[in-house]
Amino acid sequence: MWQVPYSYGSQSSGAGSAAASQRVVVRVSVLHFNKAIKWTAFPLLVCGLTLRYHKPINSKAAIYGGVSLHGEFRLSRTKKVKVTVECPEIIPLQSIAANQLRMAEEEQAGHKFRWIIPSMIFSVFSVEAMANVYGSQLFKNQWKNFESTSIIGKIILVSKELGIDADFSAQPWQTIQEMIKFRNWLAHAKPHKTTATHEVPYDTPNEQLPRLFPDMKITTYSDFESANRYADAVRQLELRWTHGAMTKNIDIDLVGMPQYTNVS
Numbered sequence: 506m507w508q509v510p511y512s513y514g515s516q517s518s519g520a521g522s523a524a525a526s527q528r529v530v531v532r533v534s535v536l537h538f539n540k541a542i543k544w545t546a547f548p549l550l551v552c553g554l555t556l557r558y559h560k561p562i563n564s565k566a567a568i569y570g571g572v573s574l575h576g577e578f579r580l581s582r583t584k585k586v587k588v589t590v591e592c593p594e595i596i597p598l599q600s601i602a603a604n605q606l607r608m609a610e611e612e613q614a615g616h617k618f619r620w621i622i623p624s625m626i627f628s629v630f631s632v633e634a635m636a637n638v639y640g641s642q643l644f645k646n647q648w649k650n651f652e653s654t655s656i657i658g659k660i661i662l663v664s665k666e667l668g669i670d671a672d673f674s675a676q677p678w679q680t681i682q683e684m685i686k687f688r689n690w691l692a693h694a695k696p697h698k699t700t701a702t703h704e705v706p707y708d709t710p711n712e713q714l715p716r717l718f719p720d721m722k723i724t725t726y727s728d729f730e731s732a733n734r735y736a737d738a739v740r741q742l743e744l745r746w747t748h749g750a751m752t753k754n755i756d757i758d759l760v761g762m763p764q765y766t767n768v769s
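With the first letter of the sequence shown counted as 1, position 17 gets the number 522 in the numbering used here; the numbers rise by one all the way through.
Rendered as structure tokens:
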């Protein structure tokens with residue numbers, strides 16, 4: 506602690522005539538320095554702080570809210586910072602698709618479709634989520650005008666902006682187009698008919714005809730090959746778009762990095 510005494514008042518050589526010398530101090534704590542300065546008996550303006558004086562006391566000053574009692578000061582500055590994170594949903598969707606496919610491998614035959622179809626549909630969800638992430642960062646506020654566009658439309662827009670030709674006669678675009686058709690069919694599933702013709706004796710009751718067990722259309726899509734093709738198409742699309750962004754020196758946030766804004 507720095508201490509600079511300042512005394513004032515008349516002083517005489519006599520025992521009864523000597524005026525008690527008075528000391529006035531100013532104490533300042535600046536930032537991280539635990540130092541106090543004892544200075545003169547008038548207010549000072551130092552580094553933007555107005556310092557006050559007081560007579561010394563024996564007790565230690567208590568500090569509240571960055572400014573202590575009895576004239577001892579500590580610099581206390583605050584700021585308001587708004588933290589914003591825009592969280593993409595790509596990774597969770599891809600993780601679900603992969604986990605469902607692993608579960609299908611452990612399932613009994615005849616029941617695997619219960620895991621394969623969710624895996625395939627979550628791969629489709631990943632494609633649309635990726636298109637929204639890239640589109641919102643490439644087109645900024647204008648992307649709201651394209652939110653109602655079809656998935657194929659979004660893919661074409663993003664690809665064109667990144668300088669990539671979306672050729673739906675080649676891979677992975679061909680599989681992506683198939684994925685979107687699958688998603689639309691599943692979202693708007695309709696009943697379908699199955700027929701069979703039997704030739705039996707005339708007096709055979711109709712109820713005794715072989716029972717018809719139609720193959721559900723949904724199961725025709727449920728195979729490991731399709732599920733793996735869908736997952737691979739998502740990876741290939743992500744690789745192409747990532748490379749296109751890097752080529753154009755565009756930063757795309759795929760994990761949700763925090764953005765900081767000072768609030769006045």
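The beta carbon of each residue, even a glycine, is placed where N, CA and C say it ideally should be. Keep in mind the model is a prediction, meaning the values are calculated, not measured.
Spatial distance of residue i from residue j (CA atoms)
| i | j | result |
| --- | --- | --- |
| I669 | T583 | 48 Å |
| T709 | H703 | 11 Å |
| E612 | E594 | 27 Å |
| F651 | A634 | 14 Å |
| Y726 | W648 | 33 Å |
| N604 | P715 | 40 Å |
| T680 | K587 | 42 Å |
| F618 | S628 | 15 Å |
| P677 | S631 | 14 Å |
| A636 | K698 | 36 Å |
| K645 | K686 | 28 Å |
| R734 | P719 | 27 Å |
| M762 | T589 | 9 Å |
| F729 | K585 | 53 Å |
| Q682 | D672 | 10 Å |
| Y765 | S581 | 22 Å |
For residue i, three-class secondary structure by DSSP
| i | result |
| --- | --- |
| T702 | coil |
| N646 | helix |
| V629 | helix |
| K686 | helix |
| Q527 | For Q527, the predicted model reports a pLDDT of 45, less than 50, meaning its position is unreliable and no value from the coordinates is stated. |
| T724 | helix |
| K584 | coil |
| T589 | strand |
| R716 | coil |
| R557 | With a pLDDT of only 44 at R557, under the threshold of 50, the placement of this residue in the model should not be trusted; the figure read from the coordinates follows. Coil, per DSSP. |
| K695 | coil |
| S674 | coil |
| V500 | Because the chain here runs from 506 to 769, residue 500 falls outside it and cannot be looked at. |
| G640 | helix |
| I681 | helix |
Continuous beta strand (DSSP E) stretch holding residue i: start and end
| i | result |
| --- | --- |
| T766 | 764–768 |
| K775 | Missing from the structure shown is residue 775; the chain here goes from 506 to 769 and no further. |
Where residue i falls, given that 16 or more other Cβ within 10 Å makes a residue buried
| i | result |
| --- | --- |
| S731 | buried |
| A614 | exposed |
| Y639 | buried |
| I656 | buried |
| G749 | buried |
| K659 | buried |
| M623 | Contrary to the premise, residue 623 reads as Pro rather than Met in this sequence. Buried is the call here. |
| K695 | exposed |
| V760 | exposed |
| I755 | exposed |
| Q599 | buried |
| M751 | exposed |
Residue i, enclosing alpha helix (DSSP H) - first and last residue
| i | result |
| --- | --- |
| T747 | 729–752 |
| S600 | 595–611 |
| E652 | Per DSSP, E652 belongs to no alpha helix (DSSP H) and is neither H nor E. |
Check: residue i C-beta below 6 Å from any heavy atom of the ligand GTP
| i | result |
| --- | --- |
| G761 | Among the components of this structure there are no ligands whatsoever, and the ligand GTP is therefore not found. |
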